[in-house]
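Participant: Under full-length UniProt numbering, the sequence shown has 179 at position 179, and the numbering climbs by one with no breaks. Even for Gly, the Cβ is constructed at its ideal location relative to N, Cα and C.
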Amino acid sequence: MEAKSHVRHRSQLAQNTKPAEATPAIGQRTRALSTYQRPPSPKKFSKPPTPTPGVEPQPGNLLIPSSWPDIAALQTELLQLSLFHSNSLQSHAEWKSDSESRLRKKYDSVASQYRVVLADETQRQCHLNVQALGLWLSNCLEHRGPHDFSEQIQILSRVLQDVSDMIAGSRGAQYSQAVKSFEDWLDQAEIIRQKRGPGCLDVGAFINPLGRSWRESLHNLNVRLELCVRELQVLDILGFGQVKRLEQSALARVAKNLVELIQLMMQEIRAMQTLETEVVRSERDAVSLLAMQLVGSMRETRAPRIGAWRC
Numbered sequence: 001m002e003a004k005s006h007v008r009h010r011s012q013l014a015q016n017t018k019p020a021e022a023t024p025a026i027g028q029r030t031r032a033l034s035t036y037q038r039p040p041s042p043k044k045f046s047k048p049p050t051p052t053p054g055v056e057p058q059p060g061n062l063l064i065p066s067s068w069p070d071i072a073a074l075q076t077e078l079l080q081l082s083l084f085h086s087n088s089l090q091s092h093a094e095w096k097s098d099s100e101s102r103l104r105k106k107y108d109s110v111a112s113q114y115r116v117v118l119a120d121e122t123q124r125q126c127h128l129n130v131q132a133l134g135l136w137l138s139n140c141l142e143h144r145g146p147h148d149f150s151e152q153i154q155i156l157s158r159v160l161q162d163v164s165d166m167i168a169g170s171r172g173a174q175y176s177q178a179v180k181s182f183e184d185w186l187d188q189a190e191i192i193r194q195k196r197g198p199g200c201l202d203v204g205a206f207i208n209p210l211g212r213s214w215r216e217s218l219h220n221l222n223v224r225l226e227l228c229v230r231e232l233q234v235l236d237i238l239g240f241g242q243v244k245r246l247e248q249s250a251l252a253r254v255a256k257n258l259v260e261l262i263q264l265m266m267q268e269i270r271a272m273q274t275l276e277t278e279v280v281r282s283e284r285d286a287v288s289l290l291a292m293q294l295v296g297s298m299r300e301t302r303a304p305r306i307g308a309w310r311c
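What follows is the structure, encoded as structure tokens:
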């Protein structure tokens with residue numbers, strides 16, 4: 001029994017010693033594997049190199065890492081500015097649309113009110129003109145003058161046409177042409193006076209009077225205008241009735257303004273005639289003075305001649 005137990009004990013010892021011998025080999029293999037299977041360590045960023053003066057950076061070196069704190073802050077600010085810009089554009093578009101809508105409503109309201117006022121004014125003016133015509137007719141019947149209502153209408157129309165032809169009509173505009181001729185002549189006379197020195201007279205330039213045709217034209221115009229005034233005086237538009245209440249009617253305003261226009265035209269004709277006469281008289285006086293100066297200078301330059309026998 002002792003031999004068996006001794007043998008068993010030795011066999012157990014032998015079995016126990018085998019695993020102990022294999023242990024170092026396993027440890028070495030583990031160390032060998034850990035050398036190749038080690039996890040990668042975190043990447044360390046190196047400081048970017050300082051740019052060398054005179055050396056242009058390569059395109060690859062211009063890329064700045066976005067992980068820098070300053071770059072991240074700038075990107076955040078840029079994003080905020082982009083959002084603010086987009087919001088401002090949207091707000092401006094909304095404000096513009098709202099403003100246009102409000103202005104359109106106000107314009108429509110004002111235009112509607114203007115149309116209403118214009119319609120009322122037109123209706124009132126038409127009613128006033130009808131009253132003026134009725135007053136004109138009643139004045140004709142009451143006055144019983146040499147011309148009835150229809151004849152007075154023809155007289156007013158003829159006077160209007162005649163005055164219009166004098167100023168800017170297709171028949172020559174005689175009045176406008178006479179005024180233009182006088183203005184051109186007056187400008188030329190002023191130029192001649194400016195060229196003359198003090199106390200002397202340019203013999204080569206004189207102020208001549210306007211032609212005979214111009215004077216006859218003014219005379220004919222004055223006669224025609226006086227006839228128009230007399231014809232307007234026979235009309236019963238501005239008398240024998242309620243004139244003040246109908247002064248704003250088209251008929252009353254046309255008749256009143258026509259009379260004033262004719263009077264102004266006649267005053268202008270008289271002013272042109274007077275001014276032309278004064279300028280011509282002044283020029284004649286200047287020419288007479290020049291003639292006297294020339295005669296005196298000729299007398300002074302003449303000296304008595306000494307005879308040859310006295311030499």
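1. Which same chain residues, not among the five before or five after E231, have their C-beta less than 7 Å away from its C-beta?
2. At the level of alpha carbons, what is the spacing between Q75 and S88?
3. Taking all protein chains shown into account, decide if W95 is buried (16 or more other Cβ within 10 angstroms of its Cβ) or exposed.
4. Mind checking L251: buried by the 16 CB within 10 Å criterion, or exposed?
5. On the CB-based measure, 16 or more other CB atoms within 10 Å of its CB, does V7 come out buried or exposed?
6. Quick check on the DSSP output: the alpha helix (DSSP H) that includes H127 runs from which residue to which?
7. When you compare only the Cα positions, how much space is there between R270 and V179?
8. Quick one: what does DSSP say A168 is sitting in, helix, strand or coil?
9. Among A286, A205 and Y175, which has the Cα closest to the Cα of L261?
10. If you draw a straight line from the alpha carbon of P146 to that of I207, how long is it in whole angstroms?
11. If you draw a straight line from the alpha carbon of M265 to that of S112, how long is it in whole angstroms?
12. Would you say W185 and L221 are within 7 Å of each other, going by their C-beta atoms?
13. Would a C-beta distance cut-off of 7 Å place A173 and I192 closer than the cut-off?
14. Taking the straight line between their C-alpha atoms, what separation do you get for L83 and A93?
15. Would you kindly work out how many angstroms separate the C-alpha atoms of W214 and V279, rounded to a whole number?
16. Where in the region 171-225 do unbroken runs of the alpha helix (DSSP H), each at least 4 residues long, occur, reported from the N-terminal end onward?
17. Compute the Euclidean distance between the alpha carbons of Q293 and E268, then round it to the nearest angstrom.
18. Going by the CB atoms, is the gap between D236 and N139 shorter than 7 Å?
19. Please state whether DSSP places S157 in a helix, a strand or coil.
20. Quick one: Cα of A291 to Cα of D285, how far?
21. Taking the alpha-carbon positions, what's the S249 to V287 distance?
22. In the structure shown, what three-state DSSP assignment does A291 receive?
23. Where does Q248 fall in DSSP's three states?
24. Between L246, R281 and V254, which has its C-alpha nearest Q161's C-alpha?
25. In its own chain, which residues sit with a C-beta less than 8 Å from the C-beta of S181, not counting the 5 before and 5 after it?
26. Taking the C-alpha atoms as reference points, what is the distance between S91 and L118?
Facilitator: Reading off the structure:
1. I155 and V159
2. 20 Å
3. exposed
4. buried
5. At V7, the pLDDT of 45 sits below 50, so the modelled position is not reliable and the matter cannot be decided from this model.
6. P69 to H143
7. 12 Å
8. helix
9. Y175
10. 50 Å
11. 43 Å
12. no
13. no
14. 15 Å
15. 15 Å
16. 174-195
17. 38 Å
18. yes
19. helix
20. 10 Å
21. 57 Å
22. helix
23. coil
24. V254
25. L210 and W214
26. 40 Å
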